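From first to last, the protein sequence lines are chains A and B. Counting in our numbering, the first sequence tops out at residue 287, every number present. Counting in our numbering, the second sequence tops out at residue 1214, every number present. For every residue, glycine included, the Cβ atom is placed at its ideal position computed from N, Cα and C. All values derive from a computational prediction rather than experimental measurement.
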Amino acid sequence: MTEPGEIRVPELLVRGQNAELSARLAAMHAGAAGTQEWPGADGRPIGFSGALDGRCFIVLHGVATYLFDGGSGAVEAVAEACAEREWIEDSYRRLALPLVLQVRGIQVLHASAVDTPGGLVVLCGFSGSGKSTLAYGLGRRGCRIWADDAVAFRVEGGSVAAHPLPFRVRLLPDAAEYFLPSSSIEGGKLTVEEPAAATPRGPRPIALGLFLESEEREGAALERSEIQAISPTAAFRRLLLHGFFFHHLPDDSRGYRSVILEYLELAGQVPFYGVRRGEGLAGLEGTLSAIEGRISRLSS
Amino acid sequence: MAAAFVISEDVVSRRMGEEMVLVHLRTNQIHTLNPTAARTWELLQGGHGVEEIKQILLGEFEVEAERVDREVKKLLIDLERSSIIRRGEDD
């Protein structure tokens, strides 16, 4: 259990291979007994998770097995052969940490966020929907980039507050080319060092939520962006699609009931809008202007 | 129909404006209730019996008795089929 106030990101302790543990988990997964498969973007499994001997585990193939419980202690990473420490730490931040936090009573949305004078604006979307692109674009227009790919939140004193997590902005190649044409990209995404990520940040109220949708209408790409209000009940259903969910919450955690109640509060308290825009970056500046217009109403 | 209903412990709910969202934690089914149904749900939570609920709804909404009767009956059937409520002792 965590106390009100700032959340603490659990320390990661990296250890060497453990053949016995790997064999036990593999056998457990092969038996399909109580494990949750993790499909990658292409549908192929990238790992699985579950609970064993009173601890939770997340296996990421070719990287590490992360072991943790509902307490406040460190997370243990048992490295797989040839896995570089940087991969293990990066996968921890992006994939394992959201679920560790959920087991410890903090919800995490697959979203980016920018900070504004009126509060935090959260951009929810599936992979490739443009979360980081829009957050980076808003950052260039004066907002402060606050989160990339993961936004932690919890209900405190009846209000929904987001909590800062360590992050690095990762731009898709087309967005990197658009914003930083002289950059060289290694791998699938360009990692941008964001100075705001390193500065101390406290909890912030979530003022606005946006669901990013790339849509084509009747076979033709949208010519201009559309921002439309979404009812709280519809927002709740959509939020569940963008949340990180660990399927094996231990008995000593706050449990699934608390998870759902916190998502209901988020949907009930924060206004949500759907942002529909065409594919690619052609209408990006128009989309950014439309979002800026919505943001300006927060502080007016 | 004079039975009181018992709400499942596996259900959480929250009012959102005029609507109500119910989530069954075991089936993961999500139900959205319209304003009349939302008020009916609140009255069920308050332990009111079915006939009492109908009378309260007639006082609070501009609606005919026949329609209240029909809508409450349909809601209770839907909720019971979804294991959100079950019949308790007669009131």
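field: G34 of chain A versus A13 of chain A - alpha carbon distance
entry: On the first sequence, residue 34 of chain A is found 47 positions in, with the first residue counted as 1. On the first sequence, residue 13 of chain A is found 26 positions in, with the first residue counted as 1. Answer to the nearest angstrom: the Cα atoms are 11 Å apart.
- request: Starting from the C-beta of R225 of chain A, find all residues in its chain whose C-beta is less than 6 Å away, skip the five residues before and the five after it, and write them out in chain order.
  value: Taking the first sequence and counting its residues from 1, one reaches residue 225 of chain A at position 238. If we look at R225 of chain A and ignore the five residues flanking it on each side, its Cβ neighbours are F198.
K176 of chain A beta carbon less than 8 Å from that of L158 of chain A: Counting from one through the first sequence, the residue named residue 158 of chain A turns up at place 171. Counting from one through the first sequence, the residue named residue 176 of chain A turns up at place 189. Cβ atoms of L158 of chain A and K176 of chain A: closer than 8 Å.
message: Quick check: T1150 of chain B and L1180 of chain B, are their CB atoms within less than 8 Å of each other?
response: For the purposes of this step, residue 1150 of chain B is taken as the residue at position 27 of the second sequence. For the purposes of this step, residue 1180 of chain B is taken as the residue at position 57 of the second sequence. It is not a contact, given that the beta carbons lie outside the stated cut-off.
- prompt: Residue ranges of each alpha helix (DSSP H) run of no fewer than 4 residues wholly in the stretch 63 to 132 of chain A, ordered along the chain?
  reply: 72 to 78, 84 to 90 and 118 to 127
message: Quick check: the stretch 134 to 143 of chain A against the stretch 90 to 107 of chain A, are at least 3 beta-carbon pairs closer than 8 Å?
response: yes
Members of the stretch 1133 to 1167 of chain B near chain A, C-beta cut-off 7 Å: V1135, R1137, M1139, G1140, E1142, V1144, V1146, L1148, I1153 and T1155
- request: Alpha carbon to alpha carbon, how far is Q1178 of chain B from G1169 of chain B? Give it in angstroms, no decimals.
  value: Start at 1 with the first residue of the second sequence, and residue 1169 of chain B comes out as number 46. Start at 1 with the first residue of the second sequence, and residue 1178 of chain B comes out as number 55. For G1169 of chain B and Q1178 of chain B, the distance between alpha carbons rounds to 15 Å.
- request: Just the C-alpha distance for E73 of chain A and H1154 of chain B, rounded to the nearest angstrom, thanks.
  value: By one-based count along the first sequence, residue 73 of chain A stands at place 86. By one-based count along the second sequence, residue 1154 of chain B stands at place 31. Going from the Cα of E73 of chain A to the Cα of H1154 of chain B covers about 44 Å.
message: Does the stretch 39 to 48 of chain A come into contact with the stretch -5 to 5 of chain A, if we say contact requires no fewer than three beta-carbon pairs (one atom in each stretch) closer than 8 Å?
response: no
query: Using a beta-carbon distance cut-off of less than 9 Å, what residues from the stretch 130 to 150 of chain A approach chain B?
result: none
message: Contact criterion: CB-CB distance below 8 Å. Does P219 of chain A meet it with respect to chain B?
response: Against the first sequence, residue 219 of chain A aligns to sequence position 232. P219 of chain A counts as touching chain B.
field: A61 of chain A: first and last residue of the uninterrupted beta strand (DSSP E) it sits in
entry: For the purposes of this step, residue 61 of chain A is taken as residue 74 along the first sequence, with counting starting at 1. Premise fails: A61 of chain A is in no beta strand (DSSP E) and is neither H nor E.
message: So, for T178 of chain A: in the same chain, excluding its five sequence neighbours on each side, which residues have a beta-carbon less than 6 Å away from its beta-carbon?
response: By 1-based counting over the first sequence, the position of residue 178 of chain A is 191. Only R155 and R157 meet the Cβ criterion.
- request: Use the C-beta contact count for I282 of chain A: other C-beta atoms within 10 angstroms, 16 or more gives buried, fewer gives exposed.
  value: Translated into positions along the first sequence, residue 282 of chain A becomes position 295. With 16 or more Cβ atoms within 10 Å of its Cβ, I282 of chain A is classed as buried.
message: Pop quiz: M1139 of chain B and G144 of chain A are said to be a contact at Cβ under 8 Å. What is the actual Cβ separation, rounded to whole angstroms?
response: On the second sequence, residue 1139 of chain B is found 16 positions in, with the first residue counted as 1. On the first sequence, residue 144 of chain A is found 157 positions in, with the first residue counted as 1. With 8 Å as the limit, M1139 of chain B and G144 of chain A do not qualify as a contact, their Cβ atoms being about 20 Å apart.
field: Close Cβ partners of E(-10) of chain A (< 8 Å) along its chain, the five nearest in sequence each way excluded
entry: Within the first sequence, numbered from 1, the residue matching residue -10 of chain A stands at position 3. Note that E(-10) of chain A has pLDDT 44, beneath the 50 cutoff, so the model's placement of it is unreliable and the number below is only indicative. Taken in chain order, the list of residues that qualify is empty.
message: Can you pull out the residues from the stretch 241 to 256 of chain A whose beta carbon lies closer than 8 Å to at least one beta carbon of chain B?
response: Y243, R244, I247, L248, L251, E252, A254 and G255
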